[in-house]
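Trainee: Numbering of the sequence shown is given in this note's numbering, commencing with residue -7 and proceeding in unit increments. Starting off with a structure, shown below.
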Amino acid sequence: MEMDRRTFARLLASAAALGGVSALMGCQGREAKPEAEVPLPTAGGAARKPVSTARYTGPETWVRSVPGVGPYVSLTFDDGPHPVNTPRLLDLLAREGVLATFFLIGKNVEAYPAVAQRIVAEGHEVGNHTWSHPDLMLLSDERVAGEVEKCQTVIREVTGRTGTLFRPPYGSFSRTRGAWLKGTYGLTTVMWSVDPQDWRLPGASVVAQRMLGAVHQGAILLAHDIHAPTIEAMRTVVPGLKSRGYECLTTSGLLARGAMS
Ligand SMILES: [Zn+2]
């Protein structure tokens, strides 16, 4: 089912009222047409949710959280797409009507293009997590550029989107390189403020407890959609965030809202 034009117009109007229309419209000269009106998930009585096309194009080069933004947070998922666990997470997010940001590994986008396309079709944001997930601080500037460019290219070719956010594997990066990345590719480096260490596989309930225990206004929460227990944890985390009064936005959505506050 497609979002009808009235709904889309209303979304644009509300974004404009919030001062966020430029982000929502994908503010690049030759992309005047918004990347929107893609099919929405409706299977199984899924919650109807807006398709976000927000792309952060502001001045920040390096962010960990968005202080002072109010009761908004951003769930971020690294290392996918995964052929089984990412679709399970997408089902859950669709049921809950919640958007997230996925920092994709280029190789995995190439391996599972349909999953990457589904992420975008359902309104989530995609970001760059390099082509092959190396520790970038061990690489030359030239190889870092190759990792970033190859990931940008495959994401664009597979999903039609040019993301504006970057997350370094293992969080291993420097502010100097972050500034260079912004200047060269327009990519903002996104770290995180809540890390449940889910990759250590402590169990779904521990992951959920850590995330809900540490969440705060403007938080950027880190998790990995390649691990089954993390998806299980989200069954608690997403409703838990809602019951605590938080609204989940894409990271670009959170940054855009932060710029308004
Ligand atoms: Zn990673």
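Virtual Cβ for every residue (Gly too), placed ideally from N, Cα, C. Small disclaimer: the values here were computed from a predicted structure and weren't measured.
Is His216 buried or exposed, if buried means 16 or more other CB atoms sit within 10 Å of its CB?
Mentor: On the sequence shown, position 224 is the one that residue 216 refers to. Result: buried.
Trainee: Arg249 and Lys156 - do their beta-carbons sit closer together than 9 Å?
Mentor: For the purposes of this step, residue 156 is taken as the residue at position 164 of the sequence shown. For the purposes of this step, residue 249 is taken as the residue at position 257 of the sequence shown. Reading off the sequence, residue 156 comes out as Thr, not Lys. Cβ distance not < 9 Å, so Thr156 and Arg249 don't count as in contact.
Trainee: Taking only the alpha-carbon atoms, compute the straight-line gap between Pro194 and Arg202 and give it to the nearest angstrom.
Mentor: Taking the sequence shown and counting its residues from 1, the one referred to as residue 194 is at position 202. Taking the sequence shown and counting its residues from 1, the one referred to as residue 202 is at position 210. Each residue's Cα considered, the two are about 10 Å apart.
Trainee: I think Met252 touches Arg56, with their Cβ atoms under 8 Å apart; what is that distance to the nearest whole Å?
Mentor: In the sequence shown, counting from the first residue as 1, residue 252 sits at position 260. In the sequence shown, counting from the first residue as 1, residue 56 sits at position 64. Their Cβ separation, rounded to whole angstroms, is 19 Å, which puts Met252 and Arg56 out of contact at 8 Å.
Trainee: What residue range does the beta strand (DSSP E) around Leu67 cover?
Mentor: Numbered from its first residue, the sequence shown carries residue 67 at position 75. Residues Tyr64 to Asp70.
Trainee: If you measure from each residue's Cβ to the nearest non-hydrogen atom of ligand 1, which ones come out under 6 Å, in chain order?
Mentor: That query returns the following residues: Asp70, Asp71, His121, His125 and Pro161.
Trainee: In the DSSP assignment, what are the bridge partners of Glu239?
Mentor: Locating residue 239 in the sequence shown gives position 247, where the first residue counts as 1. Beta-bridge pairing links Glu239 to Tyr64.
Trainee: Between the segment 78 to 85 and the segment 146 to 156, do three or more beta carbon pairs fall short of 8 Å?
Mentor: Judged by Cβ distances under 8 Å, the segment 78 to 85 makes no contact with the segment 146 to 156, as fewer than three pairs qualify.
Trainee: Beta strand (DSSP E) containing Ile254: first to last residue?
Mentor: Residue 254 cannot be examined here, being either before or after the span of the chain that is shown, -7 to 253.
Trainee: Check whether the Cβ atoms of Leu67 and Leu179 sit closer than 9 Å, and answer yes or no.
Mentor: Counting from 1 along the sequence shown, the entry for residue 67 is found at position 75. Counting from 1 along the sequence shown, the entry for residue 179 is found at position 187. Going by C-beta atoms, Leu67 is not nearer than 9 Å to Leu179.
Trainee: Here's the rule: buried if 16 or more other CB atoms are within 10 angstroms of the residue's CB, otherwise exposed. What is Gly98?
Mentor: Taking the first residue of the sequence shown as position 1, residue 98 is located at position 106. When all chains shown are included, Gly98 counts as buried.
Trainee: For Ser197, which three-state DSSP category applies?
Mentor: Within the sequence shown, residue 197 is the residue found at index 205, counting from 1. The answer is helix: DSSP assigns Ser197 an H, G or I state.
Trainee: Are there 16 or more other CB atoms within 10 angstroms of the CB of Ser244, so buried, or fewer, so exposed?
Mentor: As a working note, residue 244 is residue 252 in the sequence shown. So Ser244 ends up on the buried side.
Trainee: Tell me which residue opens and which closes the alpha helix (DSSP H) that Glu139 is part of.
Mentor: Position 147 of the sequence shown, counting from 1, holds the residue named residue 139. Element bounds for Glu139: Asp133 to Thr151.
Trainee: According to the neighbour-count rule (16 or more other Cβ atoms, all chains shown, within 10 Å of its Cβ), is Leu214 buried or exposed?
Mentor: On the sequence shown, residue 214 is found 222 positions in, with the first residue counted as 1. Looking at its Cβ environment, which holds 16 or more other Cβ atoms inside 10 Å, Leu214 is buried.
Trainee: Please return the same chain residues whose Cβ sits closer than 6 Å to the Cβ of Arg(-3), not counting the five positions on each side in sequence.
Mentor: For the purposes of this step, residue -3 is taken as the residue at position 5 of the sequence shown. Low confidence applies to Arg(-3): its pLDDT is 45, below 50, so where it sits in the model is not reliable, and the reading given next is rough at best. Here the set comprises nothing.
Trainee: Could you have a look at Ser244 and say whether DSSP puts it in helix, strand or coil?
Mentor: Here the question's residue 244 lines up with position 252 in the sequence shown. Helix at Ser244.
Trainee: So, at 7 Å on beta carbons, what are the nonlocal neighbours of Arg153 in its own chain, with the 5 sequence-adjacent residues on each side left out?
Mentor: The sequence position of residue 153 within the sequence shown is 161, counting from 1. Answer for Arg153: Glu27, Val112, Val118 and Ile147, listed in chain order.
Trainee: I'd like to know whether the C-beta atoms of Leu96 and Val140 end up nearer to each other than 9 Å.
Mentor: Counted from its first residue, the sequence shown places residue 96 at position 104. Counted from its first residue, the sequence shown places residue 140 at position 148. In this structure, Val140 does not lie closer than 9 Å to Leu96 by Cβ.
Trainee: Exposed or buried, Thr151, counting other C-beta atoms within 10 Å across all chains shown (16 or more means buried)?
Mentor: Residue numbering aside, residue 151 sits at position 159 when the sequence shown is read from its first letter. Buried: at least 16 other Cβ atoms inside 10 Å.
Trainee: Can Asp190 and Thr242 be called in contact, C-beta distance under 9 Å?
Mentor: Along the sequence shown, read from residue 1 onward, the residue named residue 190 stands at position 198. Along the sequence shown, read from residue 1 onward, the residue named residue 242 stands at position 250. In this structure, Thr242 does not lie closer than 9 Å to Asp190 by Cβ.
Trainee: Quick one: grab the DSSP three-state call for Thr180.
Mentor: Reading the sequence shown from its first residue, position 188 is the one you call residue 180. DSSP places Thr180 in strand when its eight states are reduced to three.
Trainee: Please look up how many angstroms separate the CB atoms of Phe158 and Thr181, rounded, as I've assumed it's under 8 Å.
Mentor: Indexing the sequence shown from 1 puts residue 158 at position 166. Indexing the sequence shown from 1 puts residue 181 at position 189. Confirmed, Cβ separation roughly 5 Å.
Trainee: Please report the distance separating the alpha-carbon of Gly237 from that of Ala92.
Mentor: In the sequence shown, the residue the question calls residue 237 occupies position 245. In the sequence shown, the residue the question calls residue 92 occupies position 100. Their Cα atoms are separated by approximately 17 Å.
Trainee: In its own chain, which residues sit with a C-beta less than 6 Å from the C-beta of Val230, not counting the 5 before and 5 after it?
Mentor: As a working note, residue 230 is residue 238 in the sequence shown. Counting only Cβ-Cβ distances below 6 Å, and skipping sequence neighbours, we find Glu88 and Val90.
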